[in-house]
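**Q** Before I ask anything, let me first share the structure, which is written out below as structure tokens.
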Amino acid sequence: GKRQYDRDFLLGFQYMPACV
Amino acid sequence: KESVILEKVIKHSLQSRWALWFFKNVKSQPWQCNLRLVTTFNTVEDFWSLYTHIQLASKLSSGCDYSLFKDGIEPMWEDSRNKRGGRWLITLSKQQRHSDLDALWLETLLCLIGEAFDEYSEEVCGAVINIRAKGDKIAIWTRETENREAVTHIGKVYKERLGLSSKVVIGYQAHADTATKSSSLSKNKFVV
């Protein structure tokens with residue numbers, strides 16, 4: 007199926023530390 | 024090696040790969056030389072690492088644009104995927120650069136990468152933000168003006184996602200019309 011993401015889900019990743 | 028494998032497992036893939044373009048107006052150069060591909064990404068995590076490392080739109084100088092397009096589509100009318108299409112255009116007042124611009128652009132980006140337009144997301148080519156002294160503009164570009172149902176669905180969802188009041192009317196203009204007229208005079212093919 008299509009990968010649909012709502013805004014709250016996407017915003018939840020905003021301040022996650024980047025993978026190194 | 025393990026962390027590379029782990030990264031692949033835990034990153035969240037987007038439906039499409041997206042390309043960010045930057046335009047800086049240098050009048051001595053032809054238009055296409057002023058347009059640069061910054062990078063492409065196809066995961067939620069890579070979107071944020073890009074977003075947090077680039078200048079906010081409100082901090083760009085006048086004459087600059089950001090464009091986010093599906094990878095393979097160039098952010099210009101002439102591209103075969105754009106030329107029969109048009110754009111839902113949001114025009115902002117000068118004051119809104121400081122109050123609203125960055126939030127509206129981020130919301131636009133989240134609509135794109137999150138495929139917010141349901142079965143019509145395939146109609147979306149990309150989005151553009153123009154930073155201009157006389158007033159900034161944000162637009163979502165779609166591929167086919169004749170797909171009325173898709174275009175109006177995208178417009179309705181977009182207006183709702185931007186949190187615009189029902190009193191505000193936004194218009195959709197065909198690129199073919201914008202290309203032949205002064206953009207401010209282009210007539211709206213649809214409004215929501």
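Residue numbers (the numbering used here), protein chains in the order written: chain A, 7 to 26; chain B, 24 to 215. A virtual CB, placed ideally from N, CA and C, is assigned to each residue, including glycine.
Can you confirm whether G95(B), when its beta carbon is compared against all beta carbons of chain A, has any partner nearer than 8 Å?
**A** no
**Q** Can you find at least 3 beta carbon pairs, one from the stretch 53-73 of chain B and one from the stretch 116-127 of chain B, that sit closer than 8 Å?
**A** The stretch 53-73 of chain B is not in contact with the stretch 116-127 of chain B.
**Q** Helix, strand or coil for G178(B)? Go by DSSP, reduced to three states.
**A** helix
**Q** Does G186(B) have its Cβ less than 8 Å from a Cβ in chain A?
**A** no
**Q** Could you tell me the boundaries of the beta strand (DSSP E) in which L79(B) lies?
**A** Element bounds for L79(B): n/a, residue is neither H nor E.
**Q** Got a sec: is the Cβ-Cβ distance from Q78(B) to anything in chain A below 8 Å?
**A** no
**Q** Please report the residue range of the beta strand (DSSP E) in which R59(B) lies.
**A** L58 to T66
**Q** In terms of DSSP beta bridges, what is Y89(B) paired with?
**A** F45(B) and I152(B)
**Q** Just checking, does the stretch 40-56 of chain B make contact with the stretch 89-99 of chain B on the three C-beta pairs under 8 Å criterion?
**A** yes
**Q** Is the separation between the beta-carbon of N65(B) and that of S36(B) shorter than 8 Å?
**A** With respect to the 8 Å criterion, N65(B) and S36(B) are classified as neighbours on the basis of their beta carbons.
**Q** Is the CB-CB distance between T114(B) and K160(B) below 8 Å?
**A** yes
**Q** In terms of alpha-carbon separation, which member of V49(B), W100(B) and G178(B) lies closest to C134(B)?
**A** G178(B)
**Q** Mind checking Q78(B): buried by the 16 CB within 10 Å criterion, or exposed?
**A** exposed
**Q** Given a cut-off of 8 Å on the beta-carbon distance, is the pair Y143(B) and A162(B) in contact?
**A** No, Cβ-Cβ distance for Y143(B) and A162(B) is not below 8 Å.
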